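With the first letter of the sequence shown counted as 1, position 175 gets the number 174 in numbering that gives the first Met the number 0; the numbers rise by one all the way through. The C-beta atom is built at its ideal place from N, Cα and C for all residues, glycine as well. Quick caveat, the model's predicted, so the values are computed rather than measured. Right, one structure below, let's go through it.
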Amino acid sequence: MRDQLSISTWLLLGAVAQGLAVLALPAFYAILPAMVILSYRVVDTFLMTMGLKKNRFMDNVIMGKFTGQIPNSEGVYSSKPADENVVSFQLITRSNHPLGIFAPGAREIATLAQNMYAQLAKERETYGFLGSKTMMGADERAAGNHIITMMYFRNLEGVHRFAHGPIHTDTWNWWNAKGKKYGYLTIAHELYSSPKNQWENIYINGELSGLPGTKVKVKKFDQDGKEDGWEYMNAAIDARKGKLARQLGRVNQSYEKNETGVDYNY
Numbered sequence: 000m001r002d003q004l005s006i007s008t009w010l011l012l013g014a015v016a017q018g019l020a021v022l023a024l025p026a027f028y029a030i031l032p033a034m035v036i037l038s039y040r041v042v043d044t045f046l047m048t049m050g051l052k053k054n055r056f057m058d059n060v061i062m063g064k065f066t067g068q069i070p071n072s073e074g075v076y077s078s079k080p081a082d083e084n085v086v087s088f089q090l091i092t093r094s095n096h097p098l099g100i101f102a103p104g105a106r107e108i109a110t111l112a113q114n115m116y117a118q119l120a121k122e123r124e125t126y127g128f129l130g131s132k133t134m135m136g137a138d139e140r141a142a143g144n145h146i147i148t149m150m151y152f153r154n155l156e157g158v159h160r161f162a163h164g165p166i167h168t169d170t171w172n173w174w175n176a177k178g179k180k181y182g183y184l185t186i187a188h189e190l191y192s193s194p195k196n197q198w199e200n201i202y203i204n205g206e207l208s209g210l211p212g213t214k215v216k217v218k219k220f221d222q223d224g225k226e227d228g229w230e231y232m233n234a235a236i237d238a239r240k241g242k243l244a245r246q247l248g249r250v251n252q253s254y255e256k257n258e259t260g261v262d263y264n265y
């Protein structure tokens with residue numbers, strides 16, 4: 000929602016609202032809410048900066064180095080990193096209409112997309128779906144930027160199975176029937192299939208995002224070591240030492256310094 004208007008437009012709307020409040024109320028009472036809220040935020044930021052209050056921006060941040068690897072059905076990581084194929088699928092949408100997400104057709108395509116994501120989350124094993132993360136390309140223009148959903152699959156077969164499934168087929172049929180009316184709507188996708196030992200990732204002091212934030216279905220064991228159903232675990236693992244600490248190690252290759260003797264491996 001906040002990306003539908005530029006910062007200057009939001010400021011102007013706030014200025015008009017404040018002006019109307021001044022006209023309708025005594026000046027002190029009209030300005031008081033804004034002063035209180037702004038003062039609270041200034042004090043809140045100061046206290047966090049000085050370490051006098053918990054820094055809530057660090058919530059869910061994992062300190063140190065970690066990477067995303069795919070465990071087996073027992074919940075055990077292979078001694079050979081990047082030991083499985085991974086497919087990265089990017090679904091991209093944008094409204095190039097002056098009304099942004101309120102333009103004709105935008106609501107329909109957003110609903111269809113949400114239905115597809117819901118089906119993937121519900122039938123993970125059917126499609127080899129590992130997880131997704133939605134991001135915004137906020138450096139493109141003042142408002143109405145691309146919305147990018149990064150999805151991860153085990154293999155191309157799962158992607159193709161989903162593409163020919165009922166919900167995606169209905170979505171594609173809707174676009175073929177009505178899309179020509181909405182020339183201002185951008186839809187796109189990019190797909191990259193990485194064979195084993197040809198992909199790696201690293202995060203330092205970050206949240207569970209990207210591949211480390213995906214979930215894999217593994218066996219659940221009780222306190223006696225007996226199988227007790229299934230559960231989902233994140234695909235994140237400590238990468239502070241061992242093979243996973245170095246780029247070549249994360250693709251299960253040997254490590255050597257380059258001919259200059261400089262270590263560019265991270």
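Under 7 Å between C-beta atoms of residue i and residue j
{"i": "A238", "j": "P211", "result": "no"}
{"i": "S72", "j": "K218", "result": "yes"}
{"i": "G104", "j": "G127", "result": "no"}
{"i": "E189", "j": "Q89", "result": "yes"}
{"i": "K79", "j": "N251", "result": "yes"}
{"i": "A81", "j": "W198", "result": "yes"}
Run of the beta strand (DSSP E) containing residue i, from where it starts to where it stops
{"i": "H145", "result": "First-last for H145: undefined, no H or E at that position."}
{"i": "L190", "result": "184 to 193"}
{"i": "L129", "result": "128 to 135"}
Reference residue i, options the options, closest by Cα
{"i": "E230", "options": "Q222, V215, F45", "result": "V215"}
{"i": "R249", "options": "E206, T213, I201, F56", "result": "I201"}
{"i": "F220", "options": "Y181, V75, L190, K52", "result": "V75"}
{"i": "V60", "options": "E206, D227, L129, D223", "result": "E206"}
Test: residue i CB closer than 7 Å to a CB of chain B
{"i": "A29", "result": "Absent from the structure: chain B. Only one protein chain is present."}
DSSP bridge partner residues for residue i (one or two, in chain order)
{"i": "Y202", "result": "F65"}
{"i": "A176", "result": "Paired residues: none, contrary to the question."}
{"i": "L90", "result": "T148, H188"}
{"i": "W229", "result": "K218"}
{"i": "I236", "result": "T66"}
Counted within 10 angstroms of its Cβ, other Cβ atoms place residue i as buried (16 or more) or exposed
{"i": "V85", "result": "buried"}
{"i": "Q68", "result": "buried"}
{"i": "S38", "result": "exposed"}
{"i": "Y191", "result": "exposed"}
Contact test: residue i Cβ vs the ligand SAH heavy atom, cutoff 6 Å
{"i": "L46", "result": "Inclusion of the ligand SAH in the displayed structure is not the case, the ligand content being empty and no account of it being possible."}
Endpoints, the alpha helix (DSSP H) within which residue i is located
{"i": "A23", "result": "6 to 23"}
{"i": "M47", "result": "26 to 48"}
{"i": "F278", "result": "It is not possible to answer for residue 278, since the shown part of the chain is limited to 0 through 265."}
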